[in-house]
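Engineer:
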Amino acid sequence: MSYRMVADRVAGAAARAGRDPGEVTLIVITKGRDVARIRELYDQGIRDFGENRAQELASKVGELPGDVRWHFVGPLQTNKVNRVRASTHLLHSLDRPRLVRAWARDPSRRVPALAQVNIGGEAQKHGAAPDEVEELVEMALSAGVEVKGLMAMAPRVDHPEETRPYFRRLRELSERLAGRYDGMGELSMGMTEDYEVAVEEGATMVRVGRAIFGEGS
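Going left to right, the sequence shown walks through residues -2 to 214 as my numbering numbers them.
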């Protein structure tokens, strides 16, 4: 597949849901991809890229133009916060009070974030429980973090359609919180396996890597 093919599928999913495709940002996940491949996409006009490792993000930032919008989408250790915050456009994985405190520590570099929700209640995944995320959001807002919405990863399933209840639940949670707190309209959900279902259920950001670069590339 290619970026254009994925973008067309995103647009098709939005149309099926009666949505404007312009409401959805396609973030290219560049984990393990060399800078030359990323540069090819940049030269096509792509600006939103995502990384989930602090060291890999830091190594790529200096090799690409400054107008790239880097999204950090992976779990973040507090001792890596300064490295990530210095070059990140949006943190997708604000998942615990300790990280909130670390992310808010430098008032000179305020970077917005999404609160990560463990929507499937899976022990191996990061994120606040759905019934605890509001407390995390309130803490972050009180600390001066601009929380722009929610992020989650659906459980692995045999068929993409099986992710729909999880995405729907996250959207309903997002709508409830957006009604209480200003500026929380972003909803980051959907990856290579399930991004079309996520868009149909209200995603404003999808995070896709393998469907763009290829499984073995």
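Glycine included, each C-beta is placed from N, C-alpha and C at the ideal position.
DSSP on GLU129, reduced to helix/strand/coil?
Structural biologist: Coil.
Engineer: Measuring straight from C-alpha to C-alpha, what distance separates MET148 and ASN76?
Structural biologist: Their backbone Cα atoms lie some 22 Å apart in a straight line.
Engineer: Among the candidates VAL114, ALA10 and ALA137, whose CA atom is the shortest distance from the CA of VAL108?
Structural biologist: That would be ALA137, whose Cα lies nearest to the Cα of VAL108.
Engineer: What's the gap between the Cα of LEU133 and the Cα of ARG93?
Structural biologist: Each residue's alpha carbon lies about 7 Å from the other.
Engineer: Considering only C-alpha positions, which residue in the set LEU111, ALA120 and GLY211 is nearest to SER185?
Structural biologist: The shortest Cα separation from SER185 among LEU111, ALA120 and GLY211 belongs to LEU111.
Engineer: For GLU193, does the count of other Cβ atoms within 10 angstroms reach 16, so buried, or fall short, so exposed?
Structural biologist: Per the 10 Å Cβ criterion, buried.
Engineer: Taking three-plus beta-carbon pairs below 8 Å as touching, is the stretch 45 to 62 in contact with the stretch 114 to 130?
Structural biologist: As far as the Cβ criterion goes, the stretch 45 to 62 does not touch the stretch 114 to 130, which means the pair count is below three.
Engineer: Measuring CB to CB, does THR160 end up less than 8 Å from GLU183?
Structural biologist: Their beta carbons are not under 8 Å apart, which means THR160 does not touch GLU183 by this criterion.
Engineer: Can you give the Cα-Cα distance for LEU167 and SER105, rounded to whole angstroms?
Structural biologist: C-alpha separation (whole angstroms): 32 Å.
Engineer: Given a cut-off of 8 Å on the beta-carbon distance, is the pair TYR39 and ILE209 in contact?
Structural biologist: Not closer than 8 Å, so no.
Engineer: Whose C-beta lies closer than 6 Å to the C-beta of GLY187 among residues of the same chain, with five residues either side of it excluded?
Structural biologist: Within the same chain, GLY187 has close Cβ partners ALA195, ALA200 and VAL203.
Engineer: So which of ALA140, LYS122 and GLY19 has the shortest CA-CA distance to ASP103?
Structural biologist: Residue ALA140 is the option with its Cα nearest to ASP103.
Engineer: Where does LYS122 fall in DSSP's three states?
Structural biologist: LYS122: coil per DSSP, three-state reduction.
Engineer: For the beta strand (DSSP E) that contains LYS145, what are its first and last residues?
Structural biologist: Per DSSP, LYS145 belongs to the beta strand (DSSP E) from 144 to 148.
Engineer: Would you mind sorting MET150 into buried or exposed? The rule is 16 or more other CB atoms within 10 Å of its CB.
Structural biologist: The residue in question, MET150, is buried, as its Cβ has 16 or more Cβ neighbours within 10 Å.
Engineer: In the DSSP output, which residue or residues are listed as bridge partners for GLU48?
Structural biologist: GLU48 pairs with PHE69.
Engineer: Under 8 Å between the Cβ atoms of GLU143 and GLY180?
Structural biologist: Yes; because the gap between Cβ atoms is below 8 Å, this pair is in contact.
Engineer: Would you mind giving the Cβ-Cβ distance between ILE43 and VAL32, rounded to the nearest angstrom? I have them listed as a contact below 8 Å.
Structural biologist: So it is not a contact: roughly 14 Å between Cβ atoms.
Engineer: For LEU170 and VAL114, which I take to be in contact (beta-carbon distance under 8 Å), what is that distance rounded to the nearest angstrom?
Structural biologist: Going by Cβ atoms, the distance from LEU170 to VAL114 rounds to 7 Å, so yes, they are a contact pair.
Engineer: From what residue to what residue does the alpha helix (DSSP H) around ARG82 run?
Structural biologist: That run of the alpha helix (DSSP H) goes 78 to 82.
Engineer: Do VAL70 and SER90 have their CB atoms nearer than 8 Å?
Structural biologist: Yes. Within cutoff.
Engineer: Compare the beta carbon distance of TRP100 and ARG82 with 8 Å and say whether it is the shorter of the two.
Structural biologist: In this structure, ARG82 lies closer than 8 Å to TRP100 by Cβ.
Engineer: Can you tell me the Cβ-Cβ gap for GLU198 and PHE164, rounded? I've got them flagged as a contact below 8 Å.
Structural biologist: With 8 Å as the limit, GLU198 and PHE164 qualify as a contact, their Cβ atoms being about 4 Å apart.
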